[in-house]
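In terms of numbering that gives the first Met the number 0, the sequence shown has 64 at position 65, counting the first letter as 1, and numbering is strictly consecutive.
Beneath this line is the structure, given in structure tokens, with notes to follow.
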Amino acid sequence: MAKKSLEPLTEPMFYILLCFHRSDMCGTEISSYVNDLTDGRVKLGPGTLYSLLSLFQAEDLIKKLPPDGRRISYSITERGEQLYQDEIRRLEACLSDARRCSYER
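Given below as structure tokens:
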């Protein structure tokens, strides 16, 4: 399990890990995919993106793949997948609570 400092995931963290369910990706692909998926609501600037990619590597949530020319891609690790699934369960519980609360009114 990842360090508690990564839980709960921030929105940029969540979307970066989500990207790897589509395929292995490089930084520019991650940024573009998140922007498209969220209709521009979540924008990952280079500083945020590459800082989080470095943090995720240090925490063994993702791994850097062998370079393809100048392109460096990443893939999710088992540990990263577990953290991502834990976050989905946490978010689902939050939504369930919100729905239950709105029905009580």
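Glycine residues also receive a C-beta, built at the ideal position from the N, C-alpha and C atoms.
- Between L52 and G68, the CB-CB gap reaches or exceeds 8 Å.
- For S50, the enclosing alpha helix (DSSP H) covers residues P45 to A57.
- Non-local C-beta neighbours of I71 in its own chain, meaning closer than 8 Å and more than five positions away in sequence, comprise C25, G26, K63 and L64, ordered along the chain.
- Counting the other CB atoms within 10 Å of its CB gives G79 a total of 16 or more, which places it among the buried residues.
- Taking C-beta atoms under 8 Å as the contact rule, E91 and L5 fail to qualify, at a distance of about 19 Å.
- Contact annotation, P11 with T47: C-beta distance approximately 6 Å; criterion of less than 8 Å satisfied.
- Counting the other CB atoms within 10 Å of its CB gives C100 a total below 16, which places it among the exposed residues.
- Excluding residues up to 5 positions away in sequence, P7 lie with their Cβ nearer than 7 Å to the Cβ of R89 in the same chain.
- About 7 Å separates the beta carbon of D23 from that of Y73, a gap short enough to meet the 8 Å contact definition.
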